[in-house]
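As they're listed, the protein sequences go chains A and B. Residues 266 to 375 in the numbering used here are what the first sequence spells out, letter by letter. Residues 223 to 369 in the numbering used here are what the second sequence spells out, letter by letter. Glycine residues also receive a C-beta, built at the ideal position from the N, C-alpha and C atoms. Bear in mind the structure is a predicted one, so any value in this text is a computation, not a measurement.
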Amino acid sequence: MKRGKHQDVSTEPLPGKAAPDARQLRKLAGDWLKQRRADAELSQADLAARLGLKYYTFISQVENGFSRVPTEIMGAWAKELGIEQAAFAKHLLRYYEPELHRLLFGAESK
Amino acid sequence: MSVVAFERKQNTGEWSERELSTILAALSAATAPGTGREWETGVTEKGDVQFYLLGPLPDQACELCVSRVGRSYILEDGMGRLLFEHRNLDLVALHAKAAVPSTSWLMVRAVTLWCAVRSALHEKAEPWLVEGEELFVQFVPQLAAFA
Numbered sequence: 266m267k268r269g270k271h272q273d274v275s276t277e278p279l280p281g282k283a284a285p286d287a288r289q290l291r292k293l294a295g296d297w298l299k300q301r302r303a304d305a306e307l308s309q310a311d312l313a314a315r316l317g318l319k320y321y322t323f324i325s326q327v328e329n330g331f332s333r334v335p336t337e338i339m340g341a342w343a344k345e346l347g348i349e350q351a352a353f354a355k356h357l358l359r360y361y362e363p364e365l366h367r368l369l370f371g372a373e374s375k
Numbered sequence: 223m224s225v226v227a228f229e230r231k232q233n234t235g236e237w238s239e240r241e242l243s244t245i246l247a248a249l250s251a252a253t254a255p256g257t258g259r260e261w262e263t264g265v266t267e268k269g270d271v272q273f274y275l276l277g278p279l280p281d282q283a284c285e286l287c288v289s290r291v292g293r294s295y296i297l298e299d300g301m302g303r304l305l306f307e308h309r310n311l312d313l314v315a316l317h318a319k320a321a322v323p324s325t326s327w328l329m330v331r332a333v334t335l336w337c338a339v340r341s342a343l344h345e346k347a348e349p350w351l352v353e354g355e356e357l358f359v360q361f362v363p364q365l366a367a368f369a
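Next up, the structure:
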């Protein structure tokens, strides 16, 4: 029976693999989001409440790498984490749409 | 007489076999071989358990998520939309079953039906059209001369 795995929070840049799959990249995005939330001293429940979500379970869904931050709440998510919205969206694009990120921003890492 | 209110024990910890069986039974069609779907479990930072139904490769994004928070079960989609919540897992599993994107078999049936109708029409109508065209070609010069 499969069980979810919990990985340590990591802020490492994208791994050197040639083509990491979408799921791995979402997990890296989730780890980054978890670290940023911890930096903002918010619990998953705190963040969910600030985003107007009834339950905090979606925050966990995203941080565990199974879903993306929806575009429509990306700005609010950034604001609650104290991150500039464009920088937040740009950083997430590295994980969610790496090829689009490369086309838009080249090989720059940040 | 005074009544002492005991706080009910929170339902935490891993999914029980019965809970997983209930969810998987409801999603048996969605997770059948050939659908490309998989499932995973995880936990929130508070230790509440989550069940994720993942879509096919290459994205394998979460299509549905069932979480157990306290004594309630929460059903959300992959965008965080709350679809259903109840203390009865059987009910939540039924809603999960209904919420699974099931365009595949409907699409297959619709396309098959469309192809069958189109093929039948083509077979029946083509001789009529050819015959009509021949008649038309034959009579037009005569009609033109008459006019």
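Inset, instruction - Kindly list, in the order they appear in chain A, the residues whose Cβ is closer than 7 Å to that of B/Pro-280. - result: Residues of chain A with a Cβ closer than 7 Å to the Cβ of B/Pro-280 are, in chain order, Asp-286, Ala-287.
Inset, instruction - Given a cut-off of 8 Å, decide if A/Tyr-320 and B/Val-291 are closer than it, judged by their beta-carbon atoms. - result: For B/Val-291 and A/Tyr-320, yes; Cβs fall inside 8 Å.
Inset, instruction - Report the three-state DSSP secondary structure of A/Glu-382 (helix, strand or coil). - result: Because chain A in this structure spans residues 266 to 375, residue 382 of chain A falls outside the shown range and cannot be described.
Inset, instruction - Measure from the alpha carbon of B/Leu-316 to the alpha carbon of each residue in B/Arg-340, B/Gln-282, B/Ile-245, then state which is nearest. - result: Across the set B/Arg-340, B/Gln-282, B/Ile-245, the C-alpha of B/Ile-245 shows the shortest separation from the C-alpha of B/Leu-316.
Legend entry - Under 7 Å (Cβ pairs) to chain A, residues found in the region 285-298 of chain B: Listed by position, the residues of the region 285-298 of chain B near chain A (Cβ gap below 7 Å) are Cys-287, Ser-289, Val-291, Ile-296, Glu-298.
Legend entry - Local Cβ density within 10 Å of B/Leu-344, reported as buried at 16 or more and exposed below that: At residue 344 of chain B the sequence reads His, which differs from the Leu that was named. Under this definition B/His-344 is an exposed residue.
Inset, instruction - Consult DSSP for B/Ile-371 and reduce its assignment to one of helix, strand or coil. - result: Nothing in the structure corresponds to residue 371 of chain B, since chain B is present only between 223 and 369.
Inset, instruction - Flag A/Leu-318 as yes if its beta-carbon sits less than 8 Å from any beta-carbon of chain B, otherwise no. - result: Any Cβ of chain B closer than 8 Å to the Cβ of A/Leu-318 would place that residue at the interface, and such an atom is present.
Legend entry - Interface positions of the region 242-268 of chain B facing chain A (Cβ-Cβ less than 9 Å), listed along the chain: Identification of residues in the region 242-268 of chain B having a C-beta nearer than 9 Å to some C-beta of chain A yields Leu-242, Glu-260, Trp-261, Glu-262, Thr-263, Gly-264, Val-265, Thr-266, Glu-267, Lys-268, given in sequence order.
Inset, instruction - Note down the Cα distance separating A/Gly-295 from A/Val-327, rounded to an integer number of angstroms. - result: The straight-line gap from Cα to Cα measures roughly 6 Å.
Legend entry - Cα-Cα separation, A/Ala-372 to B/Glu-236: CA-CA distance, A/Ala-372 to B/Glu-236, rounds to 42 Å.
Inset, instruction - Starting from B/Ala-274, follow its DSSP beta bridges and name the residues at the other end. - result: Per the sequence shown, the amino acid found at residue 274 of chain B is Tyr instead of Ala. In the DSSP output, where bridge partners are listed per residue, B/Tyr-274 has B/Glu-262, B/Cys-287.
Legend entry - Interface residues of chain B facing A/Pro-335 [CB-CB closer than 7 Å]: Neighbours of A/Pro-335 on chain B, chain order: Met-301, Gly-302.
Inset, instruction - Let me know the secondary structure DSSP gives B/Leu-361 once reduced to three states. - result: A quick correction: the sequence has Phe, not Leu, at residue 361 of chain B. Reduced to three states, the DSSP call for B/Phe-361 is helix.
Legend entry - Beta-carbon contacts of B/Arg-309 that lie in its chain and below 8 Å, excluding the five residues immediately before and after: If you ignore the 5 residues before and after B/Arg-309, its C-beta comes within less than 8 Å of the C-beta of Arg-293, Ser-294, Tyr-295, all in its own chain and listed in chain order.
Inset, instruction - Using a threshold of 8 Å, state whether the C-beta atoms of A/Phe-323 and B/Glu-298 are closer than that. - result: Yes, these two residues count as a Cβ contact at 8 Å.
Inset, instruction - Return the chain-ordered list of same chain residues with a C-beta closer than 6 Å to the C-beta of A/Ala-305, the five sequence neighbours on each side being excluded. - result: Excluding the 5 residues flanking it on each side, A/Ala-305 has same chain C-beta neighbours closer than 6 Å at Leu-346, Gly-347, in chain order.
Legend entry - Beta-carbon neighbours of A/Phe-323, restricted to chain B and to distances below 8 Å: Near A/Phe-323 (Cβ distances below 8 Å), the residues of chain B are Cys-287, Glu-298, Gly-302.
Inset, instruction - Taking 8 Å as the threshold, find out whether the region 348-356 of chain B comes into contact with the region 268-281 of chain B through three or more Cβ pairs. - result: Verdict: no, contact absent.
Inset, instruction - Could you give the DSSP three-state label for B/Phe-306: helix, strand or coil? - result: In this structure, B/Phe-306 counts as strand in the three-state DSSP scheme.
Legend entry - Any C-beta of chain A under 8 Å from that of B/Ala-283: Yes, its Cβ sits closer than 8 Å to a Cβ of chain A.
Inset, instruction - Report the neighbours of A/Gln-300 on chain B: residues whose CB is nearer than 8 Å to its CB, in chain order. - result: Those within 8 Å of A/Gln-300 in chain B number zero; the least Cβ separation is about 13 Å.
Inset, instruction - Tell me where the alpha helix (DSSP H) around A/Lys-299 begins and ends. - result: 287-304 is the extent of the alpha helix (DSSP H) around A/Lys-299.
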